[in-house]
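Trainee:
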Amino acid sequence: MIDDHPEMFWLGAYKLSYSYSYRVSGGVYTLSVSSITCTMQYDTAVYADKASVTDDYTRMMAAFDAFEVKGYTRYEKVKSIHDTIAKQVSYDYEFTNGTAHQPTSVFLEPFLPVCEGYAEAFKMLCDREGIPCVIVVGKSGDGGHAWNYVKMEDGKWYAVDLTWDDQSSIFYDFFLVGANSTNRYFDNDSTTFADAHIATGDHFINSSFVLTYPTLCETPYAQTLGRANTDIAVRKADGIVLLGKSQSLSTAFIAPYGSTVSVSGTTTGGTVTVTQGGTTTTYTVARRGDVVVDNAVNTTDYAKVAKATVGAAKITDKAQLAAADLNGDGTVDAFDASLLDLYINGEELY
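The sequence shown runs 94 to 443 under the numbering used here.
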């Protein structure tokens, strides 16, 4: 219940009771259960009474509803949740926050969560955005730990450890990674994610129930990583890397540990090639809005998109289609033309 619905952070102990009757006929016992009652208690280690629970819940849900998630693609939304939480909070190294294990610690001051608080808030926001996400509990090193698995549009599950990515700056070493992924910034550690994150499913000490989890994809969602604060999105399903209108392609990417990244071109139609462990993956670049492929986003692009929306021009190239489809809904229409007009004139896409 708690891992599927972390908004019910206040749950503590519970007690089950039931009423029944039975009868015997011909040596056969028939049992009839008339009622089952589940009595929930507050987590009394944190909350003194119902009023304190109600207050935290009300304020948390207001902050949750107001939490802005940007992007059109699933990758963009997951990255937006990841980055916004990391910017808003700091890990409670001193263990001074009594609610650090609750999602309230992410949404409410003093914004001091520990791993469980990170993972619960992350799941709540993914759930709100319709992105399949689970909380994973287990061990890291000698201690307990919590992180998330996210199901991307390719149908596979990838890991996000927001706690470990929230450093002095935002890292992406543990963002949509696979079981065999290694990190870049933590001493160039060759330890795989699965080796450093042992999913036990044993959430409570001496629990008789062990959680099970989806199978984690062996490889990361994206074989290449954007540098921090870069305007990039990856669409693994069709091998597209989306680039912002002002983002330099040549400086946008970093090489994950043990890999090389090479870039060809400057804008729509260019490529990003990643070689890792004998496997080479090539992504096609689409600079949002640069449909005419001149490394600029201007009225010339708008004219082409506008013509395409009324059938006066055709856009058939995969990269150019991705550049024109600004809202990522798979079609180029008047909505994209309107967004492009705003984008050209300095507005954000979302």
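Even glycine gets a Cβ: it sits at the ideal position worked out from N, Cα and C.
#1: So, under 8 Å CB-CB, W103 and D148 are touching, yes? Tell me the CB distance rounded to an integer number of Å.
#2: Where in the segment 393-433 do unbroken runs of the alpha helix (DSSP H), each at least 4 residues long, occur, reported from the N-terminal end onward?
#3: Less than 8 Å between C-beta atoms, sequence neighbours within five positions excluded: which residues of the same chain meet that for Y436?
#4: Name the one or two DSSP bridge partners that H238 has.
#5: My parser needs the beta strand (DSSP E) runs of 3 or more residues fully inside the segment 320-349; what are they?
#6: Hey, out of G119, T275, K170, F204, whose CA is closest to A348's CA?
#7: Pull up the DSSP beta-bridge partners for K163, would you.
#8: Helix, strand or coil for Y314 per DSSP?
#9: Measuring alpha carbon to alpha carbon, tell me which residue in V356, T360, E187 is nearest V367.
#10: When DSSP builds the beta bridges, which residues end up paired with D259?
#11: Report yes or no: do three or more beta-carbon pairs, one from the segment 186-197 and one from the segment 248-267, lie closer than 8 Å?
#12: Are E311 and M217 touching if we call contact CB-CB under 8 Å?
#13: Report the three-state DSSP secondary structure of M217 (helix, strand or coil).
#14: Does the pairing of the segment 173-186 with the segment 228-248 give three or more beta-carbon distances under 8 Å?
#15: Measuring CA to CA, which of V199, T402, G358, V303 is closest to D449?
#16: What is the rounded straight-line gap between the Cα of L335 and the Cα of N322?
#17: Please list the terminal residues of the continuous beta strand (DSSP E) segment that includes S357.
#18: From what residue to what residue does the alpha helix (DSSP H) around F200 run?
#19: Identify the continuous beta strand (DSSP E) that holds F268 and give its terminal residues.
#20: Taking the C-alpha atoms as reference points, what is the distance between L124 and Y111?
#21: Hey, would you say A214 sits closer than 8 Å to F200, going by beta carbons?
#22: Please report the straight-line C-alpha distance between G370 and Q340, rounded to a whole angstrom.
#23: Just to confirm before moving on: does the CB-CB distance between Y211 and I178 stay below 8 Å?
#24: Which value, in whole angstroms, describes the spacing of the CA atoms of S118 and S128?
#25: Determine the DSSP secondary structure at R116, reduced to helix, strand or coil.
Mentor: The relevant details are as follows:
#1: Walking along the sequence shown from the start, residue 103 turns up at place 10. Walking along the sequence shown from the start, residue 148 turns up at place 55. 11 Å between Cβ atoms; not a contact.
#2: Listed in chain order, the complete alpha helix (DSSP H) runs (minimum 4 residues) inside the segment 393-433 are 411-417.
#3: For the purposes of this step, residue 436 is identified with residue 343 of the sequence shown, where counting begins at 1. If we look at Y436 and ignore the five residues flanking it on each side, its Cβ neighbours are K338, R381, G382, V390, L419, L442.
#4: Start at 1 with the first residue of the sequence shown, and residue 238 comes out as number 145. Answer by DSSP bridge pairing, in chain order: G231.
#5: Fully enclosed beta strand (DSSP E) runs of 3 or longer: 325-328, 333-336.
#6: Working through the sequence shown from its first residue, we reach residue 348 at position 255. Taking the Cα of A348 as reference, the smallest distance to any Cα among G119, T275, K170, F204 is reached at T275.
#7: The residue you call residue 163 lines up with position 70 of the sequence shown. BP columns for K163 are empty, so no partner.
#8: Position 221 of the sequence shown, counted from the start, is the residue given in the question as residue 314. Residue state, collapsed to three classes: coil.
#9: Locating residue 367 in the sequence shown gives position 274, counting from the first residue. Residue nearest to V367 within the set V356, T360, E187 is V356 (criterion: CA-CA distance).
#10: As a first step, residue 259 must be located in the sequence shown, where it is residue number 166. Under DSSP, D259 shares a beta bridge with I263.
#11: Contact fails: fewer than three Cβ-Cβ distances are below 8 Å.
#12: Residue mapping note: residue 311 aligns to position 218 of the sequence shown, counting from 1. Residue mapping note: residue 217 aligns to position 124 of the sequence shown, counting from 1. In this structure, M217 does not lie closer than 8 Å to E311 by Cβ.
#13: Translated into positions along the sequence shown, residue 217 becomes position 124. M217 sits in a helix when the DSSP states are folded into three classes.
#14: Taking 8 Å as the limit for Cβ pairs, the verdict is that the segment 228-248 does not touch the segment 173-186.
#15: In this structure the chain extends from 94 to 443, so residue 449 is not present and cannot be described.
#16: Here residue 335 refers to the residue found at position 242 of the sequence shown. Here residue 322 refers to the residue found at position 229 of the sequence shown. Roughly 14 Å between the two C-alpha positions.
#17: Walking along the sequence shown from the start, residue 357 turns up at place 264. Start and end: 352-357.
#18: The sequence position of residue 200 within the sequence shown is 107, counting from 1. Bounds of the alpha helix (DSSP H) holding F200 are 197-200.
#19: Position 175 of the sequence shown, counted from the start, is the residue given in the question as residue 268. For F268, the uninterrupted beta strand (DSSP E) segment begins and ends at 268-270.
#20: The residue you call residue 124 lines up with position 31 of the sequence shown. The residue you call residue 111 lines up with position 18 of the sequence shown. Cα atoms of L124 and Y111: separation of roughly 12 Å, rounded to the nearest angstrom.
#21: Numbered from its first residue, the sequence shown carries residue 214 at position 121. Numbered from its first residue, the sequence shown carries residue 200 at position 107. Closer than 8 Å, so yes.
#22: Start at 1 with the first residue of the sequence shown, and residue 370 comes out as number 277. Start at 1 with the first residue of the sequence shown, and residue 340 comes out as number 247. Cα to Cα, G370 sits roughly 28 Å from Q340.
#23: The sequence position of residue 211 within the sequence shown is 118, counting from 1. The sequence position of residue 178 within the sequence shown is 85, counting from 1. Closer than 8 Å, so yes.
#24: Position 25 of the sequence shown, counted from the start, is the residue given in the question as residue 118. Position 35 of the sequence shown, counted from the start, is the residue given in the question as residue 128. Distance from the CA of S118 to the CA of S128, rounded to the nearest whole angstrom, comes to 23 Å.
#25: The sequence position of residue 116 within the sequence shown is 23, counting from 1. Strand.
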